[in-house]
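Per the UniProt record's numbering, the very first residue in the sequence shown carries number 1; after that it's consecutive. All C-beta atoms, glycine included, are put in the ideal place defined by N, C-alpha and C. Heads up, the thing below is written out as C-alpha cells.
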Amino acid sequence: MYGGYGGIQIANLVEEQHIVPVEQLAPLELPTQKRRSTQEHNHETGTAAAPKKRGRPRKNENALTGERPEERRRAQIRLAQRAYRDRKEAALSKHEARIAELETAMKKMNATVFAFGDHLARSGVMTSHPNLRTYLHDTLQTCKSLIDKVCVSDDEDNNTTTTTTTKPSQLPTPPHAHRAPSPRTYLTLSNRPATPLSPDSPMLFNNASMTIVDITSFMTQLRIACVAHAYHLLRNPSVKPADLHTKFRFLLSIISREELTAYFETMINSGTDPFRIEYDGIPFFRVGGAGTHYLPYPSPPEPSELYNYQNEIRNDPLAVFPVDVQDQFEGRWFDLNDLEGFLQEQGVSLLAHPPALSDGGFFKLGSIDPSALIRILVNMCICLGRSPGWKRADVEQAVKLALWQ
C-alpha cells in the first residue's frame, strides 16, 4: 500500500519482530570508566560502600575471656606488683648476705684486737708504759661498743632467756630445756681447747724456760685463764644460751649478760690478780662447801678476809633451782683456794716439759703437764661468782688426765 512494493516490505518486518518482556532483559553494565568515576564520586562525598565480609564473623574478646576491661586492668596491675616484689626480695637477699659477711669480718677483727690486747697485757709492757694501758682500754671499749651494735639481735635473744629479776625468791624455775648435764661431762671438752688457750698462749707453760712450775705460779695462770675463757664465751655470739646457762647459772640468775661481760672485762683490764678486784653486785655462791675445805689460815677467817670480798656469800644458792639441778651439785666442791690446797696436799709435780724417763722407760709417777691441766680445769669449771668452781671428783680425774705419759 501507499507506495507500492516498498510499503509491503516494511509491514512484513514489523510482523516478524517478537516483543520481549522487561523482566527478562539483562542488566546493563556500565563501562569500566563509568564504574571508576562512580567510586571516586563516593569517596569524595564520604559515602563509601561497605566492604564485603568474608569467613566467620570475629567473636567478641570480652565474651571469649569473660573479663571486663577493668578486671583485665587489675590483673595486669597484680602481675606488675608481683614482679616488683620478686625483684625487691632478690635485692634484699643480696643485701642480707652482704651484711652477714660484714658481721663475720667485724667479729673476726674484734676477736683479733682482744687477743692482741690480752697478749699485750700479759707481756708486762704496760708496766713501763702506763699510758699504754689507757690507750688499750679505750681501744677495747671502742671495739666492744661497735661489736655490740653488730650483735644487738643476738644479745636480745640471749637476754630473753637469761635476764631475770634480782631477787632469788622471785626467780622462775629454770626450764627443762636448759637443764645442764653433770659437770663431769666437761671432761670431754678437754680435747677442744678454747680460743684464749691456743698453744702459744702466755697463759700456758709451753714456752716456759723453767722446767718445774710452782703451784703458786700455776694458780695465778689458772685464774687468768679462767677469766679469759669466761670473757671469750660471753663475747662470742655463736655460743648457745644453754651453754652459757651451764657455765654461769648462778650469776645469770641475778644479773644480765651485759653486766656479767662488763665484770669479766674489768678483771681482764686490771693487770693484777683478777679475783682481788672489788666489784659490787657479785657474790660468792657456796656450793658443796666450796671455800671451806682447805683454809689457808690457822683458824677459820672471816669470809671477807678469806676471799678478799666485800660482797655477800650465798650459802644456799641452789634453793631456787629444781631438784634435778640440785642433784648435779652434790658432793664436795672446790674454789680456787681449795684447789690450791688440794694440789699441795697431793704433792703433785708440775713440769713444763716432759721429765726424763726412768729405768723402766716410763715417766716419773706424779709428773703433771701444767698446760694440759689448765686446759682441762678451765673447760670443766663453772662460775661461782667471785671464783670458779670444780667438783672434787672432777679435779681428781683432771689430774689423772694431765699426767705426762
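- When only Cα atoms are considered, K144 and A393 end up about 38 Å apart.
- By the neighbour-count criterion, in which a residue is buried when 16 or more other Cβ atoms sit within 10 angstroms of its Cβ, F116 is exposed.
- Positions of the alpha helix (DSSP H) runs, each at least 4 residues long and wholly inside the region 217-275, are given as 241-247 and 257-268 in order along the chain.
- For S387, there is no enclosing beta strand (DSSP E), as DSSP marks it with neither H nor E.
- DSSP, reduced to helix, strand and coil, places I147 within a helical segment of the structure shown.
- Setting aside the 5 residues that flank it on each side, M109 has no residue in the same chain whose C-beta is closer than 6 Å to its C-beta.
- Distance from R249 to P283 at the Cβ level is roughly 14 Å; contact not present, criterion being Cβ atoms closer than 8 Å.
- In chain order, T211 place their CB closer than 6 Å to the CB of H353, counting only its own chain and leaving out the 5 sequence neighbours on each side.
- Nearest neighbour of Q326 by Cα position, chosen from G288, H232, L102 and I215, turns out to be G288.
- Taken in chain order, the region 89-140 contains no complete beta strand (DSSP E) segment of 3 residues or longer.
- In this structure, the straight-line span from the alpha carbon of A100 to that of L92 is close to 12 Å.
- For L373, the enclosing alpha helix (DSSP H) starts and ends at P370 to M380.
- Between the region 237-245 and the region 376-391 there are fewer than three C-beta pairs closer than 8 Å, too few to call the two in contact.
- Straight-line spacing of the CA atoms in W390 and L336 works out to 9 Å.
- Annotated three-state conformation of V320 is helix, per DSSP.
- Its Cα nearest to that of E330, the residue D316 stands out among A402, D338, G341 and D316.
- Residue range S349 to L351 is occupied by the beta strand (DSSP E) that includes L350.
- Nearest neighbour of L401 by Cα position, chosen from E265, M380, L384 and V227, turns out to be M380.
- Annotation for F342: Y294, F334 and V395 place their beta carbon closer than 7 Å to its own, counting only its chain and skipping 5 residues before and after.
- Residue state for F329 is assigned as coil, using DSSP reduced to three classes.
- As the crow flies, the alpha-carbon of L252 is around 11 Å from that of A242.
- Annotated three-state conformation of R82 is helix, per DSSP.
- Secondary structure note for A393: its alpha helix (DSSP H) is the uninterrupted segment R392 to L401.
- Counted as a single uninterrupted DSSP element, the alpha helix (DSSP H) harbouring D338 occupies residues L336 to Q346.
- The C-beta of S123 has fewer than 16 other C-beta atoms within 10 Å across all chains shown, which makes the residue exposed.
- Out of E340, R257, Q221 and F264, the CA that lies nearest to the CA of A372 is found in Q221.
- Sixteen is the threshold: since fewer than 16 other Cβ atoms of the shown chains lie within 10 Å of the Cβ of L79, the residue is exposed.
- In this structure, T292 sits away from I382, with a CB-CB distance that is not shorter than 9 Å.
- Excluding sequence positions up to five before and after E265, its CB lies within less than 8 Å of the CB of L140, K144 and Y231, all in the same chain and listed in chain order.
- Per the C-alpha coordinates, the member of Q344, E312 and L146 positioned closest to R386 is E312.
- Judged by beta-carbon spacing, R286 lies within the 9 Å limit of L384, meaning their Cβ atoms are closer than that value.
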